[in-house]
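Engineer: A single structure is presented below for examination.
Numbering (the working numbering), first residue to last: 1 to 153.
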């Protein structure tokens with residue numbers, strides 16, 4: 001089993017507003033509002049390991065900071081056996097309307113990041129984001145408020 005996580009983070013308070021020297025990596029000194037910047041390793045992989053049962057220990061990840069002010073995206077690929085997008089949508093929708101109501105969100109709307117600025121869900125499943133490949137996304141598109149959803153849950 002292989003797992004890959006990619007996160008795209010909104011601008012954070014520690015990023016530079018314009019290009020300037022950085023004591024860390026060269027790209028950390030680039031202006032956040034003008035660039036998509038490769039980011040240092042985040043705690044996302046550790047957090048996923050706490051909520052995904054029986055992690056394989058082979059979770060590989062990469063992260064980017066993008067020029068948006070709020071809402072970030074996490075994409076997790078975990079392939080164990082064949083999965084159909086319609087089956088995944090059904091399960092996620094049931095959970096978002098059942099015992100977990102109010103924590104995960106579910107949408108079929110064509111959304112962009114600013115649509116989630118005031119959203120109180122921990123994450124929202126974008127049912128319209130589907131890949132036509134042999135690998136099915138466990139969470140096709142997870143959108144979450146930048147550094148603020150923990151206060152809601």
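Glycine included, every Cβ here is placed at the ideal spot set by N, Cα and C.
How should residue 3 be labelled, buried or exposed, when 16 other C-beta atoms within 10 angstroms of its C-beta is the threshold for buried?
Structural biologist: Along the chain shown, read from residue 1 onward, the residue named residue 3 stands at position 3. The residue is buried, with at least 16 neighbouring Cβ atoms inside 10 Å.
Engineer: Please report the distance separating the alpha-carbon of residue 123 from that of residue 108.
Structural biologist: Residue 123 sits at position 123 when you count from the first residue of the chain shown. Residue 108 sits at position 108 when you count from the first residue of the chain shown. Roughly 14 Å separates the two Cα atoms.
Engineer: Helix, strand or coil for residue 85? Go by DSSP, reduced to three states.
Structural biologist: Taking the chain shown and counting its residues from 1, the one referred to as residue 85 is at position 85. In the structure shown, residue 85 sits in a helix (DSSP, three-state: H, G or I).
Engineer: Comparing alpha-carbon positions, which option in 8, 89, 71 and 19 lies nearest residue 111?
Structural biologist: For the purposes of this step, residue 111 is identified with residue 111 of the chain shown, where counting begins at 1. Out of 8, 89, 71 and 19, 71 has the C-alpha closest to the C-alpha of residue 111.
Engineer: Per the DSSP calculation, residue 5 is bridged to which residue(s)?
Structural biologist: In the chain shown, counting from the first residue as 1, residue 5 sits at position 5. DSSP lists 61 and 76 as partners of residue 5.
Engineer: Compare the C-alpha of residue 117 against each of 19, 63, 68 and 44 and name the closest.
Structural biologist: Locating residue 117 in the chain shown gives position 117, where the first residue counts as 1. Checked all of 19, 63, 68 and 44; the closest Cα to residue 117 is 68.
Engineer: Nearest to residue 64 by CA position, among 126, 128 and 6, is which residue?
Structural biologist: Taking the first residue of the chain shown as position 1, residue 64 is located at position 64. Checked all of 126, 128 and 6; the closest Cα to residue 64 is 6.
Engineer: What are the partner residues of residue 37, as DSSP defines its beta bridges?
Structural biologist: Translated into the one-based positions of the chain shown, residue 37 becomes position 37. Its beta-bridge partners are 65.
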